Structure formats: C-alpha cells, structure tokens
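Q: In my numbering, the protein residues as written are 1 to 315.
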C-alpha cells in the first residue's frame with residue numbers, strides 16, 4: 001500500500017493552548033554566514049489601523065518573509081493569533097514548547113502570548129506569508145476548531161488554494177483601495193474554512209483503518225474506472241456490509257455516497273481547470289453514461305456541469 005495521502009495535524013497540549021501572559025517582545029536575527037539586513041527581507045503591511053468588531057476575522061497586518069539559513073525570529077506577542085503559510089523552504093519551529101519542522105505547504109498557528117521561535121534551516125530560501133489577527137478574531141478560530149492547532153500539513157490542493165488567497169490579499173494590501181480590510185477579512189474567512197476542513201480530515205483519518213484507506217486510494221488512483229462498492233470491498237478485503245460500516249463510522253457516509261462524492265469532486269476540478277468537453281470529463285470521473293453524470297452532478301452540486309463551469313472556470 002502506498003504512503004498515506006492525507007494531511008497530518010499537530011495539536012497543542014490542552015495546558016499549552018493558553019499560555020500565561022508574558023511581557024511582549026520581538027527579536028529578529030541573521031544567520032552566522034549572512035551579511036544582509038534581515039529587515040530588508042521581512043515585510044509587514046498594515047491591513048487595518050483600528051479593530052472592527054463587526055468583522056469575524058479582523059486582520060491587523062499581513063506579513064511576508066524571505067529568510068536564508070539561520071535567519072529567524074524569537075518573540076512573544078500580546079493577545080493576537082497569527083497564521084503562517086510556508087511558501088517555500090524549511091524551518092525549525094517552537095511554539096509553547098511544541099517543536100516542529102515546517103516545510104512548503106504547511107500552515108502553522110501561533111496563539112496569544114506564545115513563546116515562539118522560528119529559524120530557517122534549509123539550503124533553500126525560507127518564504128512565508130502570515131496574518132496577525134486582532135484579539136476579537138479568536139472566536140472565529142475557536143468556532144472552526146483551530147485554536148489548538150499548532151501545525152497542519154495541507155494536501156497539495158488545499159495548499160494551492162491557501163496560497164492563492166494569500167497572494168490575493170498581498171496584492172490588495174499593496175493597493176490603494178478603500179475596502180481592503182473587508183476584502184481581506186472575507187478571504188481570511190475562506191482561508192479558515194480551507195484549513196479547518198483539512199484539520200478535520202486529518203483528525204478523522206489519523207485512526208482510519210488501513211483497509212479503508214486501501215479502498216479509497218484505489219479509487220483516487222484511477223477515477224476513470226467504473227468502480228462499484230463491491231470493487232471497493234474487494235480492495236479492502238472485507239464484505240460490502242463491513243465496508244459500509246467502516247465508511248459510516250469513520251467518514252459519516254455510506255461507501256456509495258463517498259464514491260459518488262469523490263467522483264463529483266474530481267469532475268469539479270476538471271471543469272474548473274480544463275477545457276475538456278463534459279462527455280470527456282464524465283468518462284474521466286468514472287461515469288459510463290454522460291447523461292447520468294449530468295444528473296448526478298446537478299443533484300449533488302445544484303447546477304449542471306455546464307453551468308458550474310461557467311460560474312467557476314479558472315481558464
């Protein structure tokens with residue numbers, strides 16, 4: 001069986017989720033072999049000078065870092081959460097005593113009053129984008145179940161979506177628009193949804209039986225095959241009844257429902273990112289009959305494949 005294709009998540013211990021208040025400080029430093037000024041490779045852009053209690057996710061400022069090996073920061077912030085997305089490179093991270101290695105595609109969260117240290121430690125430039133939130137945004141993180149998440153290794157699809165949102169924020173913050181904080185708040189909320197869903201999947205799959213993963217991997221490896229639930233049961237080495245029991249226990253849906261949704265999700269990506277005709281997309285999603293595909297797609301998504309493409313195409 002292949003290596004698991006699922007995100008991984010690291011949680012803060014309950015006692016570390018809320019560290020006792022400490023005097024805020026920040027220190028930035030350069031690597032021993034570095035002769036550049038670190039502040040020239042660290043950019044902070046103000047999103048909003050004044051907190052807005054009406055915004056569920058209210059951003060204080062947006063930051064960008066490009067560090068060489070040995071560059072880093074050590075700090076304790078006041079009552080702000082911050083979210084950091086690793087664009088490239090690798091770094092050693094310590095947050096409230098939880099030590100982690102972060103790499104491209106990772107999202108890590110720094111809670112209020114945390115003892116925080118991050119040092120670039122790879123040959124490639126360590127690049128990140130980050131958001132520092134106003135204190136009243138804590139409620140949103142709690143509702144999404146992210147207040148104890150220390151590190152989330154995002155799947156490639158989610159990492160691409162997160163980077164696209166952050167790139168959009170970066171360009172908007174650099175503009176002279178009057179609605180910057182509102183746009184960035186909306187995109188930050190969308191970012192939290194992406195991260196929360198990935199974290200939920202990671203927690204759910206941490207204890208997922210290998211036979212269930214084997215069945216799911218078989219489908220994801222070849223979406224174009226006309227899979228039936230009986231085929232998944234054979235891949236899992238169990239009966240259809242037991243397979244359905246596993247799906248319901250670990251994913252909250254029957255095997256048939258999961259299979260249909262997996263195919264539809266695959267079709268959505270093709271509709272958004274390719275110019276393939278609908279009939280070809282139906283075949284690539286494992287549907288022999290394109291009319292049945294269109295009916296199933298509309299039942300799940302509330303729109304026909306053609307209409308969905310018109311609304312969401314990225315091409």
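No residue lacks a Cβ here, since even glycine has one placed at the ideal position from N, Cα and C. This structure is a prediction, so every number in the text was calculated from the model and none was measured.
Note the first and the last residue of the continuous beta strand (DSSP E) segment covering residue 72.
A: Here the beta strand (DSSP E) through residue 72 covers 72 to 76.
Q: Please identify the residue among 212, 136, 126 whose C-alpha is closest to the C-alpha of residue 69.
A: 126
Q: Could you tell me which uninterrupted beta strand (DSSP E) segments, each at least 3 residues in length, are contained entirely in the segment 122 to 204, listed from first to last along the chain?
A: 126 to 133, 149 to 153
Q: If you reduce the DSSP assignment to three classes, tell me which class residue 258 lands in.
A: helix
Q: Are the beta-carbon atoms belonging to residue 222 and residue 146 less than 8 angstroms from one another?
A: It is not a contact, given that the beta carbons lie outside the stated cut-off.
Q: Hey, would you say residue 56 sits closer than 8 angstroms to residue 182, going by beta carbons?
A: Their beta carbons are not under 8 angstroms apart, which means residue 56 does not touch residue 182 by this criterion.
Q: Find the nearest neighbour of residue 299 within the set 275, 312, 257, judged by alpha-carbon distance.
A: 257
Q: Per DSSP, which one or two residues make a beta bridge with residue 94?
A: 99, 117
Q: I think residue 44 touches residue 120, with their Cβ atoms under 8 angstroms apart; what is that distance to the nearest whole Å?
A: Not a contact, Cβ separation roughly 18 angstroms.
Q: Between residue 46 and residue 185, what straight-line distance do the alpha-carbon atoms span, to the nearest angstrom?
A: For residue 46 and residue 185, the distance between alpha carbons rounds to 13 angstroms.
Q: Roughly how many angstroms lie between the CA atoms of residue 159 and residue 25, to the nearest whole one?
A: Roughly 31 angstroms separates the two Cα atoms.
Q: First and last residue of the beta strand (DSSP E) that includes residue 106?
A: Annotation: the continuous beta strand (DSSP E) that includes residue 106 extends over 106 to 110.
Q: What span of residues does the beta strand (DSSP E) with residue 328 cover, start to end?
A: Because the chain here runs from 1 to 315, residue 328 falls outside it and cannot be looked at.
Q: According to the neighbour-count rule (16 or more other Cβ atoms, all chains shown, within 10 Å of its Cβ), is residue 233 buried or exposed?
A: Residue 233 is buried by the Cβ-count criterion.
Q: Out of 274, 284, 280, 263, which has the shortest C-alpha to C-alpha gap to residue 296?
A: 263
Q: From 117, 112, 61, 96, pick the residue whose C-alpha is nearest to that of residue 28; which is it?
A: The residue with the shortest Cα to Cα distance from residue 28 is 117.
Q: For residue 66, which residues does DSSP report across the bridge?
A: Paired residues: 127.
Q: When DSSP builds the beta bridges, which residues end up paired with residue 45?
A: DSSP lists 62 as partners of residue 45.
Q: Check whether the segment 131 to 141 touches the segment 71 to 90, taking contact to mean three or more Cβ pairs, one atom from each stretch, closer than 8 angstroms.
A: yes
Q: With a threshold of 8 angstroms, are at least 3 pairs of Cβ atoms found where one atom belongs to the segment 153 to 167 and the other to the segment 271 to 279?
A: The segment 153 to 167 vs the segment 271 to 279: no contact.
Q: Check residue 272 in the structure and name its three-state DSSP category.
A: helix
Q: Ends of the beta strand (DSSP E) at residue 25?
A: Counting along the chain, the beta strand (DSSP E) containing residue 25 begins and ends at 25 to 29.
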